[in-house]
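Undergrad: Numbering (this note's numbering), first residue to last: 15 to 300.
Quick reminder that beta carbons are idealized off the backbone N, C-alpha and C, glycines included.
Please read these numbers as outputs of a predicted model, since none were measured by experiment.
Quick one: structure below, then a few questions.
This is the structure in structure tokens:
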């Protein structure tokens with residue numbers, strides 16, 4: 015059995031995951047093809063769209079992503095330091111428009127679950143988290159709040175990715191953002207709670223050789239199904255970045271039940287997902 019490369023770290027972890035994956039593969043006849051819709055779509059680097067945020071919202075996407083840099087106390091949006099502009103802030107591009115959107119669309123059917131706002135931190139983790147939390151407290155009417163034993167759901171759930179300050183985030187009470195985990199977190203001796211870590215993201219090229227051409231190798235398909243099942247067993251959702259952003263890969267991700275299909279091509283993915291069987295419910299949230 016060719017196991018995902020990440021899990022071959024220590025003998026104990028190898029044995030534990032080997033056992034889990036073997037058990038999951040035995041469930042192959044029971045694996046169901048999950049129905050997907052636009053709400054399963056994730057707008058990667060959303061700020062590079064011609065109409066950031068609104069291209070995704072108007073097509074019913076359930077998740078959008080913004081790269082954030084802390085520059086002189088301001089949270090600026092962009093792909094690189096060179097692309098940053100003073101007026102393109104997290105507040106002006108995402109938080110304020112989202113507040114206005116949900117006030118105008120209180121019964122928005124595609125967002126019965128909170129919209130996921132993935133904030134990919136590009137600057138130092140601790141200082142950026144402190145700045146983010148300070149801003150988030152001004153949007154308590156909009157953002158899902160995490161307390162010691164409760165989650166108070168609002169229209170938007172922020173998830174912090176990239177440079178993440180796990181210690182400061184765990185200490186923060188209340189907290190207006192969740193933590194984006196990695197596949198290795200699923201096999202930790204003491205896994206973080208799904209309320210703290212509702213999302214797991216991974217780099218597709220680190221686990222799969224297939225690049226969207228020809229048939230998806232069956233062994234890799236089973237590995238993908240195993241990661242999906244393991245993630246869902248823990249009450250989390252799964253996203254891959256760096257996967258081929260085209261029809262064949264979208265079809266495989268949807269068939270395997272990957273919760274979030276990552277794309278830079280909003281219109282094309284929305285058109286594809288509209289042809290899929292309708293889901294019973296939106297992606298899982300804790």
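Can you tell me which of the three DSSP states residue 89 falls into?
TA: As a first step, residue 89 must be located in the chain shown, where it is residue number 75. Here residue 89 sits in strand by DSSP.
Undergrad: Cβ atoms of residue 172 and residue 195: under 8 Å apart, would you say?
TA: By 1-based counting over the chain shown, the position of residue 195 is 181. By 1-based counting over the chain shown, the position of residue 172 is 158. No; because the gap between Cβ atoms is not below 8 Å, this pair is not in contact.
Undergrad: How far does the beta strand (DSSP E) with residue 254 in it reach, from first residue to last?
TA: On the chain shown, residue 254 is found 240 positions in, with the first residue counted as 1. Per DSSP, the continuous beta strand (DSSP E) segment holding residue 254 begins and ends at 251-255.
Undergrad: Would DSSP call residue 185 helix, strand or coil?
TA: Counted from its first residue, the chain shown places residue 185 at position 171. Three-state DSSP puts residue 185 in a helix.
Undergrad: At 3 residues or longer, and completely inside the segment 104-170: list those beta strand (DSSP E) runs for me, N to C.
TA: Correct list: 129-135.
Undergrad: Starting from residue 240, trace the alpha helix (DSSP H) in both directions and tell me its first and last residue.
TA: The residue you call residue 240 lines up with position 226 of the chain shown. Note, residue 240: alpha helix (DSSP H), 232-247.
Undergrad: Residue 256 and residue 205 look like a contact to me (Cβ under 8 Å); what is the Cβ gap, rounded to whole Å?
TA: Within the chain shown, the letter at position 242 stands for residue 256. Within the chain shown, the letter at position 191 stands for residue 205. That pair is no contact at about 24 Å.
Undergrad: By DSSP, does residue 277 sit in helix, in strand, or in coil?
TA: Along the chain shown, read from residue 1 onward, the residue named residue 277 stands at position 263. Strand at residue 277.
Undergrad: Can you check DSSP and say which residues form a bridge with residue 79?
TA: Within the chain shown, residue 79 is the residue found at index 65, counting from 1. Residue 79 pairs with 132.
Undergrad: In angstroms with no decimal places, state the Cα-to-Cα distance between residue 4 and residue 84.
TA: Here the chain has residues from 15 to 300 only, and residue 4 is not among them.
Undergrad: Less than 8 Å between the C-beta atoms of residue 272 and residue 254, yes or no?
TA: For the purposes of this step, residue 272 is taken as the residue at position 258 of the chain shown. For the purposes of this step, residue 254 is taken as the residue at position 240 of the chain shown. Yes, the pair counts as a contact, with Cβ atoms nearer than the cut-off.
Undergrad: For the alpha helix (DSSP H) containing residue 268, list its first residue and its last residue.
TA: As a working note, residue 268 is residue 254 in the chain shown. 261-270 is the extent of the alpha helix (DSSP H) around residue 268.
Undergrad: Using only the alpha-carbon positions, how far apart do residue 135 and residue 91 sit?
TA: Reading the chain shown from its first residue, position 121 is the one you call residue 135. Reading the chain shown from its first residue, position 77 is the one you call residue 91. Their Cα atoms are separated by approximately 10 Å.
Undergrad: For residue 210, which residues from the same chain have a beta carbon less than 8 Å from its beta carbon, with the 5 sequence-adjacent residues on both sides left out?
TA: Numbered from its first residue, the chain shown carries residue 210 at position 196. The residues are 160, 183, 184, 192, 193.
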